[in-house]
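One structure is given below, encoded as C-alpha cells.
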Amino acid sequence: MRKIILSMIASLLIGVLLLPGKSAFALDKINVTLPSKSFQFIIFPLAKERGYMKEEGIDLNIVVMASTPGLQAVLAGEMDFTGSGSSALVAVTQGNAPLKTVLAVNDQVLQWLMVRPQYSTFKELKNKKIAVTGIAAVATFMLKKVAPKYGLDANKDLTFLALPPGQRLAALQTGVVDAGLLSSEERFAALDQGMKEILYLGKEVKNSWGTVATNDQFIKTKPKLMHGFMRALLKALRLVKQNRGAAMDTMMKFSELDRELAARTYDGMIGTFTTNGVVDEETQKNDLDIVREVLNVTKEVPIERAYDFSFAKKADSDLTKAGWKP
Numbered sequence: 070m071r072k073i074i075l076s077m078i079a080s081l082l083i084g085v086l087l088l089p090g091k092s093a094f095a096l097d098k099i100n101v102t103l104p105s106k107s108f109q110f111i112i113f114p115l116a117k118e119r120g121y122m123k124e125e126g127i128d129l130n131i132v133v134m135a136s137t138p139g140l141q142a143v144l145a146g147e148m149d150f151t152g153s154g155s156s157a158l159v160a161v162t163q164g165n166a167p168l169k170t171v172l173a174v175n176d177q178v179l180q181w182l183m184v185r186p187q188y189s190t191f192k193e194l195k196n197k198k199i200a201v202t203g204i205a206a207v208a209t210f211m212l213k214k215v216a217p218k219y220g221l222d223a224n225k226d227l228t229f230l231a232l233p234p235g236q237r238l239a240a241l242q243t244g245v246v247d248a249g250l251l252s253s254e255e256r257f258a259a260l261d262q263g264m265k266e267i268l269y270l271g272k273e274v275k276n277s278w279g280t281v282a283t284n285d286q287f288i289k290t291k292p293k294l295m296h297g298f299m300r301a302l303l304k305a306l307r308l309v310k311q312n313r314g315a316a317m318d319t320m321m322k323f324s325e326l327d328r329e330l331a332a333r334t335y336d337g338m339i340g341t342f343t344t345n346g347v348v349d350e351e352t353q354k355n356d357l358d359i360v361r362e363v364l365n366v367t368k369e370v371p372i373e374r375a376y377d378f379s380f381a382k383k384a385d386s387d388l389t390k391a392g393w394k395p
C-alpha cells in the first residue's frame, strides 16, 4: 500500500513538473493597434516572433487600424496600446484625454518631399500642388514651418491636397500633383520611377516618429504588465539595431516587402531608431508645440501630462544591468 501511495505521489510530482509554465498557458493578453505596417513598427511582430513577449507572460495581439478608430479603441479600453502617438498628443492637447506616450521608436520624422522629374528645388514648387496625408496632419504642419527657409509662404504659395496612402504616389506619378510628402516605402517606389527627393523632413525638424501611447488607467492598474511589455519591446528594438538579417526577415513578412526593398529601407532608416525608446525633453516639447499649432491652441501642455517614458527607461536599465544582448 505504501509503495502504491509513493508511486502515486511520484507520478503527481512528475506531472506538475511537466506542466507548462505561465508563458505557455496563463498569458496576459495585450492588444496593440498600429496605423500601418511600416518599418518602425516591426518591433511588435519581432517581439512576438522571438518569444520576448512570451518570456514576460504576454500574449501580444496586433491589429492594423486607422489612427482615429485605433485611438478611440484605446480610450474605450478595447485596445491597450496604439502606434499613433501623435494622435494621442492631439487628443491630450485638445480634450485632456487620459493618454500618455510611453515609447518613441524614431527620433526623426520619416517623411520625404518627392517631386516630379522637372523640379530640383523646394522653391520651384511655388504655386504647385503637394499631396499629403491630411491638411491638418502633423507632418503637413512641419513642412509648412520649413517652407520659409526655402523662400516660400506655405499658406500662399503652396496648395496641399489630402490623399490616403497609396494614392499620393499615384497622384505624383500621373501628374495630378507636382510633389508628395511620402513615407519611406513610397519614397523608394518614387525614386525607382524617376521622381526626385528634394527634402527629408527628419533633418529639417527635431521631432519624434513611431510613437506608442496607452491610456492612463492601464499604466495605473497594470504597472507590472507595463514593465514586461516594455522589456519585450526594448529587446526587439536592440535586435533591430544590431541584426540586419533578422530585421529584414520580419520586415519582409510584416510589411510585405521584397528583399531588395527591405534592405534599402533598413539601410536608409536604421540610423533613425532610438537606442532606448526615449527622446529628449526638447523633442517632446517640439512635438507638443507642433500639435498646438495644428489645433490653434495657445495653452501649453506640461510634458509630464503627455509623456511617461519611465517604463522604457527602467526596461533599458534592467536589460543593461543584466547584460542582455540579442
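Residue numbering for the sequence shown follows this note's numbering, beginning at 70 and increasing consecutively.
Every residue gets a Cβ at the ideal spot worked out from N, C-alpha and C, and that includes glycine.
Here the structure is a predicted model, which is why all the values come from computation and not from measurement.
Can the beta-carbon of residue i be found less than 8 Å from the beta-carbon of residue j?
i	j	result
Lys272	Val184	no
Ile32	Thr334	This structure cannot settle anything about residue 32, because the visible part of the chain is limited to 70 through 395.
Asn175	Phe342	yes
Ala384	Lys169	no
Ala248	Leu182	yes
Leu172	Ala200	no
Ala315	Leu308	yes
Thr102	Gly139	yes
Val347	Lys390	no
Thr151	Val143	yes
Leu250	Ala208	yes
Gly164	Asn284	no
Gln242	Gln262	yes
Ile339	Gln353	no
Leu194	Tyr188	yes
Leu357	Val370	yes
For residue i, collect the residues of the same chain with a Cβ closer than 6 Å to its Cβ; drop the 5 residues on either side in sequence, then sort them by chain order.
i	result
Ala166	Ala160
Ala93	Note on Ala93: pLDDT 48, under 50, position unreliable in the model; no value is reported.
Gln177	Gly271 and Thr341
Pro186	Gly263
Thr280	Gly154, Thr170 and Ala173
Ser324	Lys106
Just to confirm my understanding: we take residue i, look at its own chain, exclude 5 residues before and 5 after, and list those with CB closer than 8 Å. What are they?
i	result
Asp128	Leu96, Asp97, Lys98, Ile99 and Met122
Ala116	Met122, Leu129, Ala301, Leu302, Lys304 and Ala305
Ser386	none
Ala216	Phe191, Asp222, Ala223, Asp226 and Leu227
Lys91	Confidence is the limiting factor: at Lys91 the pLDDT is only 46, short of 50, which leaves the residue's position unreliable, though a coordinate-based value still follows. Once the five neighbours on either side are set aside, the close Cβ partners of Lys91 are Gly126.
Leu364	Val159, Thr162 and Gln163
Leu260	Met183 and Glu266
Arg328	Met317 and Met321
Bridge partners for residue i per DSSP, in chain order?
i	result
Ile99	Leu129
Gly249	Met183 and Ala200
Lys225	Its beta-bridge partners do not exist; DSSP assigns none.
Ala173	Thr280
Leu238	DSSP lists no partner for Leu238.
Phe150	Val101 and Thr283
Ala231	Val201
Leu144	For Leu144, which the question treats as bridged, DSSP gives no partner whatsoever.
Tyr121	None; Tyr121 has no bridge partner.
Phe342	Asn175
Leu268	Leu182
Leu168	Asn284
Tyr437	With the chain covering only 70 through 395, there is no way to say anything about residue 437.
Tyr376	Thr170
If I measure Cβ to Cβ from residue i and keep anything under 7 Å in the same chain, skipping five residues before and after, which residues do I get?
i	result
Asn196	Asp226
Glu362	Phe210
Ile288	Lys169, Met295 and Asp377
Glu118	Thr319
Ala332	Met317
Gly244	Arg185
Which one of the options has the shortest CA to CA distance from residue i?
i	options	result
Gly126	Lys382, Phe378, His296 and Gly346	His296
Lys310	Lys394, Thr367, Pro104 and Gln180	Lys394
Val132	Lys106, Gln180, Val245 and Asn345	Lys106
Gln141	Leu230, Ala282 and Met338	Ala282
Glu351	Ile359, Thr344 and Asn345	Ile359
Glu124	Phe298, Lys198 and Val245	Phe298
Gly203	Leu357, Leu230, Leu179 and Arg313	Leu230
Lys291	Asp149, Leu260 and Gly120	Asp149
Gly337	Val366, Ala206 and Arg313	Arg313
> Okay, do the stretch 97-112 and the stretch 308-322 touch, 3+ Cβ pairs below 8 Å being the bar?
Replying inline: yes
> Given 8 Å as the limit, is there contact between the stretch 272-283 and the stretch 145-158, that is, 3 or more CB pairs closer than that?
Replying inline: yes
> Is there contact here, the stretch 252-264 with the stretch 224-238, by at least three beta-carbon pairs under 8 Å?
Replying inline: yes
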